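Peer 1: Chains as they are written, first to last, in our numbering: chain E, 869 to 1187; chain F, 35 to 276. Yeah, the Cβ is synthetic: ideal placement off N, Cα and C, and Gly gets one too. Owing to the predicted nature of the structure, the values given are computational and were not obtained by experimental measurement.
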């Protein structure tokens, strides 16, 4: 076979064989126009081994499957209920939301709630939007009036979600109703202490909402120190320097004709002592004011004065 | 690693751009010569066949390289070795034959020199010049159609059946000069008429559009030498050349 050299390149030459094939061959110092024999044809290398291609195909398939699973998981999570909000006006409605606060379910808890949601389209709407729109529907149906009450009950296992929504939802609802009516928005968190927020909203600027009475701390009275009862002197007769009258020779009853009453006249009875003690107590209180912690020596002196009475009596008796 | 990435970038660019491929090959001639020298166990010169084979093996490496094959230079070295070993095995079959080119005796005359040469050197030189001129003209016309010989070589049919289908279309055009005139005038291949005339499948002709275009241009006036080289193409099976 003869080949006509048509083109020469650095690494190869293009030749035309007698059958009309154009071939790339090794350029063995050929010249254009030369007719040659015995060329070394360029071989086109085979494609990369099939196994590598199959492996690539498999890896692509595995990657696609992994992506698909990831998407499926995300979609499932998106459709899964993460938290619920119970909206209670008179109608009661349960709003289920996913992690991104998108509403995934809406259910009327009571008959009015079922009527309220009716043909309402909630899908792919945010929780705040659904809340606002449901409240609007309730207003349109005259189920919520000025001065009414809206209760939001938050149910979720996530404390973070509850904490965030406990503050956010009433504010959003307040902003939505602002300038239209005044309602009481109550947020209940069964898993935490319930919280009540008074949202003053007034259409008329004159209608200043009553200020929420601040809960002033009640002044706790200081503990009253009750004065301990002063030990009365007659209960501790040992400590009282009770004046003992000098022993008077008592004549026998039969001898001088004195009765037992006369004898008791000379020695004061216990009743008299109690009366004296009461008088002393009054005196002590005044004394304590003047001289707190003062000793009872002055009283003792009084008592000593009292103790003089028997002497006086004895004088009378002598008279 | 950075160098390897750079080479891969150059190779990827050279796959589709002939000029870039030539530049890359020129840049790596020392590498090519070194690999060829390793195979033949002696310094390789540009006059050696092994050098030409190594060059075309490097070109094959550029055309066939994929990232899955690993380092480009390792792949190219492997191809160069394989091609040179193939060539040496083929040459070993003729080891017992006497070469006409080997110098013999003290006067350094080859066997070829001692044989009578029936060719006229002057006539040969004139013919070569004429052939070159024809090829240059054809190349210029092909350039007007936006094709080159390398494109045609890449688009040339390889299977015999495809080659025959294309040859039938070329013969039909050669027998209907108005188709060639239309081609030169409109610069569009009259594919529908060729399909109707030769009965070949349109898809087959469509796939080898560049090849058929080049062959039809050769059938137009002014390329007598090339047409003479292709006389077998224009001959029907069992038909004697006119």
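Could you tell me which chain E residues have their CB closer than 9 Å to the CB of residue 175(F), listed as they occur along the chain?
Peer 2: Within 9 Å Cβ-Cβ: nothing; residue 175(F) doesn't reach chain E, min ~13 Å.
Peer 1: Say whether chain E places a C-beta atom closer than 9 Å to the C-beta of residue 277(F).
Peer 2: The displayed coordinates of chain F run from 35 to 276. Any statement about residue 277(F) would go beyond what the structure contains.
Peer 1: Count the CB pairs spanning the segment 870-889 of chain E and the segment 43-61 of chain F that are closer than 8 Å, and state whether there are at least three.
Peer 2: yes
Peer 1: From residue 103(F) to residue 113(F), what distance separates their C-alpha atoms?
Peer 2: 12 Å
Peer 1: What is the rounded straight-line gap between the Cα of residue 267(F) and the Cα of residue 925(E)?
Peer 2: 44 Å
Peer 1: Taking DSSP as the reference, what is the three-state secondary structure of residue 265(F)?
Peer 2: Residue state, collapsed to three classes: helix.
Peer 1: Which same chain residues, not among the five before or five after residue 1157(E), have their C-beta less than 6 Å away from its C-beta?
Peer 2: With a pLDDT of 42 at residue 1157(E), under the threshold of 50, the modelled position of that residue is not reliable, and no figure is offered here.
Peer 1: Give, in chain order, every residue of the segment 157-174 of chain F whose Cβ lies closer than 9 Å to some Cβ of chain E.
Peer 2: 161, 162, 163, 164, 165, 166, 167, 168, 169, 170, 172, 173
Peer 1: For residue 953(E), which option in 946(E), 977(E), 930(E), 937(E) has the closest C-alpha, if you only look at C-alpha atoms?
Peer 2: 977(E)
Peer 1: Does the Cβ of residue 1038(E) have 16 or more other Cβ atoms within 10 Å, making it buried, or fewer, making it exposed?
Peer 2: buried
Peer 1: Residues in its own chain within less than 7 Å of residue 164(F) by CB, not counting five upstream and five downstream?
Peer 2: The residues are 259.
Peer 1: Roughly how many angstroms separate the alpha carbons of residue 227(F) and residue 255(F), rounded to a whole number?
Peer 2: 21 Å
Peer 1: Is there a C-beta anywhere in chain F that falls below 9 Å from the one on residue 879(E)?
Peer 2: yes
Peer 1: I'd like the list of long-range same chain contacts for residue 71(F), defined as Cβ closer than 8 Å, with 5 residues on each side in sequence excluded.
Peer 2: 77, 78
Peer 1: Below 7 Å on C-beta distance, what does residue 1044(E) contact in chain F?
Peer 2: Within chain F, no residue comes near residue 1044(E); the closest Cβ sits about 59 Å away, beyond 7 Å.
Peer 1: At what residues does the beta strand (DSSP E) containing residue 885(E) begin and finish?
Peer 2: Its beta strand (DSSP E) spans residues 880-885.
Peer 1: Along the chain, where does the alpha helix (DSSP H) that runs through residue 871(E) open and close?
Peer 2: That residue, residue 871(E), is in no alpha helix (DSSP H); its beta strand (DSSP E) goes 870-876.
Peer 1: For residue 1031(E), does the three-state DSSP call read helix, strand or coil?
Peer 2: helix
Peer 1: For residue 85(F), which three-state DSSP category applies?
Peer 2: helix
Peer 1: Assess contact between the segment 989-1008 of chain E and the segment 967-977 of chain E, defined as three or more Cβ pairs (one per stretch) separated by less than 8 Å. Is contact present?
Peer 2: yes
Peer 1: Assuming residue 892(E) is part of the beta strand (DSSP E), what are its boundary residues?
Peer 2: That run of the beta strand (DSSP E) goes 890-894.
Peer 1: Pull up the CB-CB distance for residue 248(F) and residue 181(F), whole angstroms please, since I reckon it's below 8 Å.
Peer 2: 7 Å
Peer 1: Spell out the partners DSSP gives residue 970(E) in its beta bridges.
Peer 2: Under DSSP, residue 970(E) shares a beta bridge with 994(E).
Peer 1: With 9 Å as the threshold, decide whether the Cβ of residue 257(F) is near any Cβ in chain E.
Peer 2: no
Peer 1: Take residue 202(F) and list the residues in its own chain whose beta-carbon comes closer than 8 Å to its own, dropping the five residues that flank it on each side.
Peer 2: Residues of the same chain with a CB within less than 8 Å of the CB of residue 202(F), apart from the 5 flanking positions on each side, are 232, 233, 234 in chain order.
Peer 1: Determine the burial state of residue 86(F): buried for a count of at least 16 other Cβ atoms within 10 Å of its Cβ, exposed for fewer.
Peer 2: Burial is judged here by how many other beta carbons sit within 10 angstroms of a residue's own beta carbon; residue 86(F) has at least 16 and is buried.
Peer 1: Say whether the segment 1007-1022 of chain E touches the segment 940-958 of chain E, bearing in mind that this needs 3 or more beta-carbon pairs closer than 8 Å, one atom from each stretch.
Peer 2: yes
Peer 1: What does the alpha-carbon distance come out to for the pair residue 178(F) and residue 943(E)?
Peer 2: 58 Å
Peer 1: Does any CB atom of chain E fall closer than 9 Å to the CB of residue 184(F)?
Peer 2: yes
Peer 1: In chain E, which residues lie less than 7 Å from residue 266(F) when you measure between Cβ atoms?
Peer 2: 886, 887
Peer 1: Per DSSP, what are the beta-bridge partners of residue 962(E) in this structure?
Peer 2: DSSP output for residue 962(E) lists 954(E), 975(E) as bridge partner(s).
Peer 1: Determine, using beta carbons only, whether residue 905(E) comes closer than 9 Å to chain F.
Peer 2: no
Peer 1: Confirm, please, whether the CB-CB distance from residue 172(F) to residue 257(F) is below 9 Å.
Peer 2: yes
Peer 1: Residue 253(F): buried (16+ other C-beta within 10 angstroms of its C-beta) or exposed?
Peer 2: buried
Peer 1: What does DSSP give as the partner residue(s) for residue 1019(E) in the beta ladder?
Peer 2: 956(E), 1054(E)
Peer 1: Give me the Cα-Cα distance between residue 200(F) and residue 230(F), rounded to the nearest whole angstrom.
Peer 2: 13 Å
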